[in-house]
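In the numbering used here, the protein residues as written are 14 to 117. A virtual CB, placed ideally from N, CA and C, is assigned to each residue, including glycine. Shown next, in structure tokens, is the structure this report addresses.
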């Protein structure tokens, strides 16, 4: 998957460079509006290429951290035993938010 996204990114960026260079190297000699239009199209390509290059497919397991437990969560989306994240401050915040522990 990574190779396909990388190839698509470089193809899009190559098209962008070809449009810019050809617009101002020789297309402007025949038609200035066409050269400007080519540059406008080329201007839109880099953000699209970045989105294509960073897109994750359904088979990419980007949400899994190394060593994370497998399977659905018990009662919430937090990781660890009984919903504990491992950070005491974060755990206290979650307990207060969930209503398990009252401050006072």
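Judged by DSSP in its simplified three-state form, residue 103 adopts helix. For residue 57, the enclosing alpha helix (DSSP H) starts and ends at 45-67. Here the alpha carbons of residue 40 and residue 34 stand approximately 9 Å from one another.
The DSSP-derived three-state label of residue 27 is helix. In its chain, beyond the 5 residues on either side, 40 have a beta carbon closer than 7 Å to the beta carbon of residue 47. Nearest neighbour of residue 62 by Cα position, chosen from 38, 69, 21, 102, turns out to be 21. By the criterion of a C-beta distance shorter than 8 Å, residue 52 is surrounded in its chain by 32, 33, 36, 37, once the five residues flanking it on both sides are discounted.
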